[in-house]
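The structure under discussion appears below in the form of structure tokens.
There are 4 protein chains.
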Amino acid sequence: MNSSAAAAGCLMIVLMHRQATTEQVEAVVAAIAKHGLKPLNLPGGDHTAIGIASAIPPDLREGLANQLAAMSGVVNVVHVSRPYKLASREFHQASTVVRVGNVEIGGTACVVIAGPCAVESREQIFATAKAVQAAGAKMLRGGAYKPRTSPYSFQGLHEEGLALLREVRQVLGIPTVTEVIDPHDVEEVARHADMLQIGARNMQNFPLLIAAGRSGHPVLLKRGPAATLDELLFAAEYILHHGNNNVVLCERGVHPLDRTYTRNTLDLSAVPVLKEITHLPVIVDPSHGVGHARYVPAMCRAALAAGADGLIIEVHPSPQSALSDGQQSLTPEQFSLVMQDLARVANAVGRCLA
Amino acid sequence: MNSSAAAAGCLMIVLMHRQATTEQVEAVVAAIAKHGLKPLNLPGGDHTAIGIASAIPPDLREGLANQLAAMSGVVNVVHVSRPYKLASREFHQASTVVRVGNVEIGGTACVVIAGPCAVESREQIFATAKAVQAAGAKMLRGGAYKPRTSPYSFQGLHEEGLALLREVRQVLGIPTVTEVIDPHDVEEVARHADMLQIGARNMQNFPLLIAAGRSGHPVLLKRGPAATLDELLFAAEYILHHGNNNVVLCERGVHPLDRTYTRNTLDLSAVPVLKEITHLPVIVDPSHGVGHARYVPAMCRAALAAGADGLIIEVHPSPQSALSDGQQSLTPEQFSLVMQDLARVANAVGRCLA
Amino acid sequence: MNSSAAAAGCLMIVLMHRQATTEQVEAVVAAIAKHGLKPLNLPGGDHTAIGIASAIPPDLREGLANQLAAMSGVVNVVHVSRPYKLASREFHQASTVVRVGNVEIGGTACVVIAGPCAVESREQIFATAKAVQAAGAKMLRGGAYKPRTSPYSFQGLHEEGLALLREVRQVLGIPTVTEVIDPHDVEEVARHADMLQIGARNMQNFPLLIAAGRSGHPVLLKRGPAATLDELLFAAEYILHHGNNNVVLCERGVHPLDRTYTRNTLDLSAVPVLKEITHLPVIVDPSHGVGHARYVPAMCRAALAAGADGLIIEVHPSPQSALSDGQQSLTPEQFSLVMQDLARVANAVGRCLA
Amino acid sequence: MNSSAAAAGCLMIVLMHRQATTEQVEAVVAAIAKHGLKPLNLPGGDHTAIGIASAIPPDLREGLANQLAAMSGVVNVVHVSRPYKLASREFHQASTVVRVGNVEIGGTACVVIAGPCAVESREQIFATAKAVQAAGAKMLRGGAYKPRTSPYSFQGLHEEGLALLREVRQVLGIPTVTEVIDPHDVEEVARHADMLQIGARNMQNFPLLIAAGRSGHPVLLKRGPAATLDELLFAAEYILHHGNNNVVLCERGVHPLDRTYTRNTLDLSAVPVLKEITHLPVIVDPSHGVGHARYVPAMCRAALAAGADGLIIEVHPSPQSALSDGQQSLTPEQFSLVMQDLARVANAVGRCLA
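Chains as they are written, first to last, in the numbering used here: chain A, 1 to 354; chain B, 1 to 354; chain C, 1 to 354; chain D, 1 to 354.
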């Protein structure tokens, strides 16, 4: 753990009720002082508020906020600064570049990762890998462990899928990323794939985040469907805090207003916001973001135009016979056309495709 | 307008970037001082923050926040207190009781308003009014102007519907509430009905709020489907600010995660929160909240148990032939059973049915 | 009203409970037949379902669905096709081009509309108009009637603001768009501005939609913050149904997961979806979508890359002194740089700036 | 696995584009027939639709939907019935009663579970257990493994916490429930606690659901903050499918419109909906649902009035010094008053407190 980060503090404001008594205000002041912090009386308009004028250590922060919020006469406790220190750009100005095999994510060049939702067979994964590599993808995606809403849906090939990913990489030289869903599989998955994916539904699976942190292996961390950006950065903070700086963030759509037309709402404004507040690379998954192949090309272009460092796109040689997510997979031909568009868009925003 | 309320202020905190220069901090301090307000430097942990220590007049508040937020070196402007003064309980401790004809909303007794979605005919509205009155409802609802998603749906009987409502009240002596959707109809509707309803889709129709405010007539103000409680209270503030204190708030469900089972998500925690932060009465509309008659009884009971001052419930003599919202309407028989349950629940929480 | 559209039908499926009795199923079948429609028994797995095999007229659709949903033994009524006919591309394959003065929206060239949130003074509106025109904007925006959350915020210059917009257009020759919030102001606003804006909070203000429809004037219709795309198209259908085909749709952000970093979540996937399902032009408002000037350029680029027919961008000569929305306004210098980017992005996707 | 349930089917409707060609329609028909299912042509108004008239086996369902959705000419695939069979009341009419030690959840009596967010010390957990038991709680809650947003927050006492829970149960005879967050801890936790809690953030942690299913131990399954009710029931289906019928569902609030006043939006309409569609017991967690102790009593009352089979409430002897969630914890005195209210409300709805 970075000790200067740990020592860094944050600012907190305690707002008192308009009818709070002098005793209540003094009790709050005393509670703050008891932790060795300096309370500062803010004589606002209708309300008294109390600021905390010294650095609050990260491990005290939440406990203190809870304590103060539970005191009588207190309306609210407002946090005025960000409490994740390792992931924040405020403490780490330079953009991080994550290396996965021979690929760099977070540099000037935008990286496209492509492949099927799930590894289904040797033929399928080799055919897809060759096709996406030929079209310009720099990494291969493919799931061996598939988290599925229904227990009756295809759950992946597990070890056999991992072995196939390893074989593809050896034969074709393309680095791979695959999802891990159990903390006890992290080491095994890391032996077979170049990058670990932590999926949206596991964004706050803390044992998994810790295991991924300890592995030191590159991690693709997807935003949960109802996660705020602060919650995403706290999840990344778990990985960084356990010694692993190789984290790439991925926006993949948040819970939508309705699902008539898209599976999720792809939140592309997350891209410029994250690029400002964190030094970690940010990529976008338009396939899950919209859930229908025919809207994927437009959202790929938009994501790069918004400043994404890369994309992860589902491609399947035969979407109609895919064992999962066929509806949102491009064919190799469609993918190849998208890549031509993307080269132009990257160029228009002063970047290029890796 | 209450002038002491108008004079009341609010508290604002300006958070500077960690790398903000001394010049940037000083520019913010100067901008605050220029308005005659007192800036207060808050030397927090990693960030400088600047508080405003004098009362900020309501009409300066938003402009000032915008001005400061647009200055360089500023991360964020945090508002620490509530800016609606007339609707806030902080400035008006006693609960408001709104009188509609001979009915009091906001006292110890809970008021049940019932009736059809739309006034469809003399037979329909008289039959419903008699049935709900017999079962214990104290007010009649019924729409003459219906806001409908589709232009092809039934839009109400308009003037004819208003005349029928007036006739029902004269004959049966039950006060009525009906929706108004055009600011220029406010006077006419107020002549025919005892209470004006401003529907969820019009919660921020400001000309309508102003016209309802000027009318002085009792207003039932429904929360919009994506409105925060502060936005609801600002909408009420428009009516109060134009001289009308007779406002009853209504929770009717917010935009749901999905619509498989319910039309909206009824936010019952809005009841205890609103009862704390505003002095205005709060009722609940379970019919729109869930959208299916079979879930309405449970949510009626829950709303009273949560502390609502009343309910507005859709009842139709023949839901299958209703011209709108039949799916969520109770039959008179179902309504009568619900009223028996509600009397017991009201009693269990120390209240009674009016 | 287009009579062939009115005659067009839709498909409905009624799902019965697994334990529904034969009598219940037969009652549903009879209810459908009574309307002259042809019921079709669907002997599914565990459930019986009944389809309706003839065209259901639009004005019967909702009433029928309500009626069937209220019958005993019915679980759910599923609509399988879209009920807005005038706005749907299914009945109008060719893309509509809306003409506003000498500007065409919906053609190959992307149109940029720019200007201040509110018209504040002659100096301000002329300075902004000249600056945005010089940078390549083809239309000027500026509010005379401002819908504001708080009654204490600046509400616009009203008639004076309209007169200034008219003067700007006469002097500089740039067409204007301005918001109308009261149906009774539509004619007056149409005399002064080239295009009427119906704001997000008024998307379902039906008297306003009808008045805008009857005016025949070009309309910019913004999506409400919790409106589904079907609800947006129904709102457009109101305008079209009253004889006005000059409707441009505008995505401006939906209610966000949280407001820590952005005011709304800009839903750019709405662009390719709307371009598929409707023939109307689609533009994007990134200023309201994100709410902070520093994220606006990225979202402008992304919106064009996603296929938008244009953009509406807030520009103010001095954002720090703006009377509203200063936080999200670009300076003329920033706007000029954005326009250079946008020319490149438009080009990369096979279009150009108008 | 229940084989009759596995054999049960579902209904699917494939909607074709209005301009779909005869070849496209025939291709869909052929694809359905190839799986041994019976396609049924539905000659709707503007669109052709194709129903599937035989039972679709659960393990084919998703693959088939994907396949059809990816075919050309297809607009949409609509599922008309529920695909979770073990959790559905359609196939299991009688309400399930789950036994935890000597406590029955799901019978006539409502069960209150109470205790601290986290086990902090022997003194704290014994004091709380005695107090809540004296006030009428039938089970004790207390976390040993705490999933926390920030890596710097208190993460629980782990094995030491489990041992304390076991000791409390032995001494006081009150059954316990505690959260498990790692599938490999399931057996150990099951040895120390009477019921396993799967928290909201782990609702779709499939290895954890499977491990909990295999354990046969009673499970309290919390709804995720953006999970639909169908997704919740699919999660339960994983546990049931692996042989464990002892599942209690828990509504604990969904992602809110904003967090100004409450941490989540407690979705109480989930109670009557779940009671209708599943045979599993349903309880409510008002503490997480609202996040502030002062709103908890109202929501406890409302939850019972809505028909919940029980409640899980956070109680701490000294909320101000709680290591987590102090803000939402009741004191033992407050809890005791709530229990008196709850006895009256349970009675008003024809039930009682266990």
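Using N, Cα and C, we set each Cβ at its ideal position, and we do this for glycine too.
What you are looking at is a predicted structure, and each value in this text was computed from that prediction instead of being measured.
- Based on the DSSP output, what are the partners of I52(B) in its beta bridges? Along the second sequence, read from residue 1 onward, the residue named residue 52(B) stands at position 52. The partner list for I52(B) (beta bridge, DSSP) reads P39(B).
- Message: Strictly by DSSP, which residues pair up with S329(C)?
- Response: Here residue 329(C) corresponds to residue number 329 of the third sequence, with the count starting at 1. DSSP output for S329(C) lists no bridge partner at all.
- Message: I'd like to know whether the C-beta of Y295(C) is nearer than 8 Å to at least one C-beta of chain B.
- Response: Against the third sequence, residue 295(C) aligns to sequence position 295. Output row for Y295(C): interface = no.
- Message: For the beta strand (DSSP E) containing H79(A), name the first residue and the last one.
- Response: By one-based count along the first sequence, residue 79(A) stands at place 79. That run of the beta strand (DSSP E) goes V74 to H79.
- Any residues in the segment 253-270 of chain B with a beta carbon nearer than 8 Å to a beta carbon of chain A? Which ones, in chain order? Taking 8 Å as the Cβ-Cβ cut-off against chain A, the residues of the segment 253-270 of chain B that qualify are H255, L257, D258 and R259.
- Could you tell me whether any Cβ in chain D is nearer than 8 Å to the Cβ of R18(C)? Translated into the one-based positions of the third sequence, residue 18(C) becomes position 18. For R18(C), the answer is yes, since a Cβ of chain D falls inside 8 Å of its Cβ.
- Item | Chain-order list of residues whose beta-carbon lies under 8 Å from that of L40(D) (same chain, five-residue window excluded) | In the fourth sequence, the residue the question calls residue 40(D) occupies position 40. These residues qualify, in order along the chain: I50, G51, I52 and A53.
- Query: Got a sec: is the Cβ-Cβ distance from A5(D) to anything in chain C below 8 Å?
  - Reply: Position 5 of the fourth sequence, counted from the start, is the residue given in the question as residue 5(D). In this predicted model, A5(D) has a pLDDT of only 32, less than 50, meaning its place in the structure is not dependable; the value taken from the coordinates is given anyway. With 8 Å as the cut-off, A5(D) does not count as an interface residue toward chain C.
- Query: In chain A, which residues lie with their C-beta within 9 Å of the C-beta of G307(C)?
  - Reply: Indexing the third sequence from 1 puts residue 307(C) at position 307. What G307(C) touches in chain A: A298, R301 and A302.
- Message: With the cut-off set at 8 Å, would you say A109(B) and T278(B) are in Cβ contact?
- Response: For this step, residue 109(B) is matched to residue 109 along the second sequence. For this step, residue 278(B) is matched to residue 278 along the second sequence. Not in contact: A109(B) and T278(B) (Cβ atoms no closer than 8 Å).
- Query: Helix, strand or coil: which one does DSSP assign to E314(C)?
  - Reply: The residue given as residue 314(C) occupies position 314 in the third sequence. Of the three classes helix, strand and coil, the one that applies to E314(C) here is strand, per DSSP.
- Task: Would you list, in sequence order, the uninterrupted alpha helix (DSSP H) runs of no fewer than 4 residues that lie entirely inside the segment 241-312 of chain B?
- Result: 270-277, 286-290 and 296-305
- Message: My parser needs the beta strand (DSSP E) runs of 3 or more residues fully inside the segment 182-222 of chain D; what are they?
- Response: List check, beta strand (DSSP E) in window: 195-198 and 219-222.
- Query: Roughly how many angstroms lie between the CA atoms of A55(C) and L42(D), to the nearest whole one?
  - Reply: Position 55 of the third sequence holds residue 55(C). Position 42 of the fourth sequence holds residue 42(D). Using only the alpha carbons, I get a separation of about 12 Å.
- Message: Taking 7 Å as the limit between beta carbons, can you name the residues of its chain near H35(D), skipping five residues before and five after?
- Response: Start at 1 with the first residue of the fourth sequence, and residue 35(D) comes out as number 35. Around H35(D): L60 and L64.
- Would T265(D) pass as a contact of D267(B) if the rule is Cβ separation under 8 Å? Translated into the one-based positions of the fourth sequence, residue 265(D) becomes position 265. Translated into the one-based positions of the second sequence, residue 267(B) becomes position 267. In contact: T265(D) and D267(B) (Cβ atoms closer than 8 Å).
- Task: Report back the beta-carbon spacing between C356(D) and G143(D) to the nearest angstrom; my notes put them in contact at under 8 Å.
- Result: The displayed coordinates of chain D run from 1 to 354. Any statement about residue 356(D) would go beyond what the structure contains.
- Message: Within the continuous beta strand (DSSP E) that includes V14(A), where are the two ends?
- Response: In the first sequence, residue 14(A) corresponds to position 14, counting from 1. From DSSP, the beta strand (DSSP E) with V14(A) extends over M12 to M16.
- Would you verify that the beta carbon of L353(A) is, or is not, closer than 8 Å to some beta carbon of chain B? Counting from one through the first sequence, the residue named residue 353(A) turns up at place 353. So, not an interface residue.
- Neighbouring residues, chain B, relative to V177(D) (Cβ below 9 Å): As a first step, residue 177(D) must be located in the fourth sequence, where it is residue number 177. Near V177(D) there are no residues of chain B at all, since even the closest Cβ is about 24 Å away, more than 9 Å.
- Item | Own chain, CB closer than 7 Å to G326(B), minus 5 neighbours either side, in chain order | Indexing the second sequence from 1 puts residue 326(B) at position 326. Same-chain partners within the cutoff: H316, P319 and Q320.
- Task: Compare the C-beta of G289(B) with all C-beta atoms of chain A and state if any pair is closer than 8 Å.
- Result: Working through the second sequence from its first residue, we reach residue 289(B) at position 289. Not closer than 8 Å to any Cβ of chain A, the Cβ of G289(B) fails to qualify, so no.
- Message: Once the 5 residues before and after P313(B) are set aside, which same chain residues still bring their CB inside 6 Å of it?
- Response: Residue mapping note: residue 313(B) aligns to position 313 of the second sequence, counting from 1. At residue 313(B) the sequence reads Ile, which differs from the Pro that was named. Cβ within range, chain order: A114 and S287.
- Buried or exposed for E123(C), please, with buried defined as at least 16 other CB atoms from any protein chain shown within 10 angstroms of its CB. As a first step, residue 123(C) must be located in the third sequence, where it is residue number 123. It counts as exposed.
- Taking Cβ positions, are P195(D) and V219(D) nearer each other than 8 Å? By one-based count along the fourth sequence, residue 195(D) stands at place 195. By one-based count along the fourth sequence, residue 219(D) stands at place 219. The question names Pro, yet the displayed sequence has Met at residue 195(D). Against a cut-off of 8 Å, the Cβ pair of V219(D) and M195(D) comes out as a contact.
- Query: Cβ of A302(A) within 8 Å of Cβ of V349(A)?
  - Reply: Here residue 302(A) refers to the residue found at position 302 when the first sequence is read from its first residue. Here residue 349(A) refers to the residue found at position 349 when the first sequence is read from its first residue. Contact: no.
- For V97(B), which of helix, strand or coil comes out of DSSP? For the purposes of this step, residue 97(B) is taken as the residue at position 97 of the second sequence. Looking at V97(B) - three-state DSSP - the assignment turns out to be coil, as it is neither helix nor strand.
- Query: L240(C) and I283(C): beta carbons closer than 8 Å?
  - Reply: Taking the first residue of the third sequence as position 1, residue 240(C) is located at position 240. Taking the first residue of the third sequence as position 1, residue 283(C) is located at position 283. Cβ distance not < 8 Å, so L240(C) and I283(C) don't count as in contact.
- Query: Would you say the segment 214-228 of chain C touches the segment 182-194 of chain C, given that touching needs at least three Cβ pairs under 8 Å?
  - Reply: yes
- Item | Backbone secondary structure at G143(D) - three-state DSSP | Here residue 143(D) is taken as the residue at index 143 of the fourth sequence, counted from 1. In this structure, G143(D) counts as strand in the three-state DSSP scheme.
- Message: Please report the straight-line C-alpha distance between Y207(D) and M203(A), rounded to a whole angstrom.
- Response: The residue given as residue 207(D) occupies position 207 in the fourth sequence. The residue given as residue 203(A) occupies position 203 in the first sequence. It should be noted that the sequence gives Pro, not Tyr, for residue 207(D). If you take the alpha carbons of P207(D) and M203(A), they lie about 15 Å apart.
- Give the range of the alpha helix (DSSP H) segment to which V180(C) is assigned. Position 180 of the third sequence, counted from the first residue, corresponds to residue 180(C). Element bounds for V180(C): n/a, residue is neither H nor E.
- Query: Taking only beta-carbon atoms, is F91(C) less than 8 Å away from chain B?
  - Reply: Position 91 of the third sequence, counting from 1, holds the residue named residue 91(C). It does not: the Cβ of F91(C) has no partner Cβ on chain B nearer than 8 Å.
- Query: Would a C-beta distance cut-off of 8 Å place A226(D) and H255(D) closer than the cut-off?
  - Reply: Your numbering for residue 226(D) matches position 226 in the fourth sequence. Your numbering for residue 255(D) matches position 255 in the fourth sequence. In contact: A226(D) and H255(D) (Cβ atoms closer than 8 Å).
- Message: Just to check my reading of the structure: V289(B) and M299(B) have Cβ atoms closer than 8 Å, yes? What is that Cβ distance to the nearest angstrom?
- Response: Residue numbering aside, residue 289(B) sits at position 289 when the second sequence is read from its first letter. Residue numbering aside, residue 299(B) sits at position 299 when the second sequence is read from its first letter. Correcting the residue type first, residue 289(B) is Gly in the shown sequence and not Val. Going by Cβ atoms, the distance from G289(B) to M299(B) rounds to 6 Å, so yes, they are a contact pair.
- Message: For the segment 157-188 of chain C, list every residue whose C-beta sits within 8 Å of some C-beta in chain B, in sequence order.
- Response: Result list: I181, D182, P183 and H184.
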